[in-house]
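Reading through the structure tokens given below for one structure.
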Amino acid sequence: MKKVVLLSVISATLFTSCVSKKKYTELQTELDGTKSVLMKTRVDKEDCEEKYAKIEERVSNYYAKINKLQDENDDKLEMVDNIAAMSNKNKESMRRTLKNVDPALVSKAKTLGDSIDLAVSHNLTKSLSGDDEGIEIDVNQTVVQITVSDKLLFKSGSYWVSPRAHKLLGRIAEVVNSESAMEIMVEGHTDNQTIKEESYLEDNWDLSVRRATSIVRLLQDKYNVDGKQLIAAGRSSFSPLADNDSADGRESNRRTRIIILPNLDKFLAMLEES
Numbered sequence: 015m016k017k018v019v020l021l022s023v024i025s026a027t028l029f030t031s032c033v034s035k036k037k038y039t040e041l042q043t044e045l046d047g048t049k050s051v052l053m054k055t056r057v058d059k060e061d062c063e064e065k066y067a068k069i070e071e072r073v074s075n076y077y078a079k080i081n082k083l084q085d086e087n088d089d090k091l092e093m094v095d096n097i098a099a100m101s102n103k104n105k106e107s108m109r110r111t112l113k114n115v116d117p118a119l120v121s122k123a124k125t126l127g128d129s130i131d132l133a134v135s136h137n138l139t140k141s142l143s144g145d146d147e148g149i150e151i152d153v154n155q156t157v158v159q160i161t162v163s164d165k166l167l168f169k170s171g172s173y174w175v176s177p178r179a180h181k182l183l184g185r186i187a188e189v190v191n192s193e194s195a196m197e198i199m200v201e202g203h204t205d206n207q208t209i210k211e212e213s214y215l216e217d218n219w220d221l222s223v224r225r226a227t228s229i230v231r232l233l234q235d236k237y238n239v240d241g242k243q244l245i246a247a248g249r250s251s252f253s254p255l256a257d258n259d260s261a262d263g264r265e266s267n268r269r270t271r272i273i274i275l276p277n278l279d280k281f282l283a284m285l286e287e288s
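With the numbering used here, you'll find the sequence shown wraps up at 288, consecutive numbering, no jumps.
Here it is as structure tokens:
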């Protein structure tokens, strides 16, 4: 009887030991897998950070160039204002254009530069917008900023450019192709909504960059804009125009901004009505 009991105890001990070792092996395998996933996540995170750091550096350099150009053109405009050297043709074009601009806006133009900005903005809006809705054009110290709503450019969560937008991009390309010294930056902006799980997109950074790149590729491949004149940048949801708490606010934030840097001579030529 004692032998039977002893054998039972030994068998139970061996069985328990065997199960524990199997469980340990499973846990060890699970731990190794978790470590592997964690390592991959860290590598992916570092790659993303490096990629977006390069994008932000290019954007910062471009904005520094904008500020420099605005300062230089301010000096030139002040000189033009002081010596009244603006051509009669440009003066007449500006007067003719300003007659069609909202008087309330004209009254806010305090300097020659303000008046030129306003006239160029009016002419570009008429030339580029056409019958399309969702396009806003702002000119500030010779820098042209065209903001296009996503409802004109993309479907929700996609970076495929709608054919509806091709006409607008073609008109923008005509402006840029007319002067090789012009540069253009395309900025993608999103709202703060999380990308759907199992999407081919990683996050809003990914979406905004892909959208900007899609526009740049079209300008280069379809409309023959020199790649040297183009910059693609994604800003994700971190530069909102409105509060993301409302549907209207999120719609405003989903946009693409196209910034054009013309030199002063070309900028003045934009006074001519299209």
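Quick reminder that beta carbons are idealized off the backbone N, C-alpha and C, glycines included.
In chain order, what residues of the same chain have a beta carbon less than 6 Å from the beta carbon of residue i, not counting five sequence neighbours either side?
| i | result |
| --- | --- |
| Thr161 | Glu150, Arg269, Arg271 |
| Asp131 | Val153 |
| Ala246 | Val200, Ala226, Thr227, Val230 |
| Ala123 | Ser129, Leu132 |
Checking the sheet assignment: what are the DSSP bridge partners for residue i?
| i | result |
| --- | --- |
| Phe168 | Val175 |
| Glu291 | For residue 291 there is no data in the structure shown, the boundaries of the chain being 15 and 288. |
| Gly248 | Gly202 |
| Ile274 | Val158, Ile198 |
| Arg269 | Ser163, His203 |
Please report the straight-line C-alpha distance between residue i and residue j, rounded to a whole angstrom.
| i | j | result |
| --- | --- | --- |
| Gly135 | Pro276 | One point to set straight first is that residue 135 is Ser, not Gly, in the sequence displayed. Their backbone Cα atoms lie some 13 Å apart in a straight line. |
| Lys79 | Asp257 | 30 Å |
| Asn238 | Gly184 | 10 Å |
| Ser121 | Leu142 | 25 Å |
| Glu211 | Asp217 | 10 Å |
| Ser176 | Asp164 | 10 Å |
| Lys140 | Thr111 | 11 Å |
| Ala283 | Gly148 | 26 Å |
| Ala261 | Lys68 | 32 Å |
| Tyr173 | Leu41 | 42 Å |
| Tyr76 | Asp220 | 21 Å |
| Ser170 | Val189 | 29 Å |
| Val223 | Pro254 | 16 Å |
| Arg72 | Thr39 | 50 Å |
| Ser74 | Ile273 | 14 Å |
| Met53 | Tyr214 | 21 Å |
| Thr204 | Leu166 | 14 Å |
| Gly127 | Asn267 | 29 Å |
| Ser314 | Lys35 | The shown model of the chain, from 15 to 288, leaves out residue 314, and the question about it has no answer. |
| Thr125 | Gln155 | 11 Å |
| Val157 | Asp259 | 31 Å |
Just mark residue i as buried or exposed, buried being the case when its beta carbon has 16 or more other beta carbons within 10 Å.
| i | result |
| --- | --- |
| Gln243 | buried |
| Met199 | buried |
| Arg56 | exposed |
| Arg225 | buried |
| Glu201 | buried |
| Asp46 | exposed |
| Thr208 | exposed |
| Thr43 | exposed |
| Ala118 | exposed |
Counting only the same chain and skipping the five closest in sequence on each side, list residues whose C-beta sits under 7 Å from that of residue i.
| i | result |
| --- | --- |
| Asp235 | none |
| Gly241 | Gln234 |
Just to confirm my understanding: we take residue i, look at its own chain, exclude 5 residues before and 5 after, and list those with CB closer than 8 Å. What are they?
| i | result |
| --- | --- |
| Lys280 | Ser192, Glu193, Ala195, Met196 |
| Leu285 | Asn104, Ser107, Met108, Thr111, Ile130, Ala133, Val134, Asn137 |
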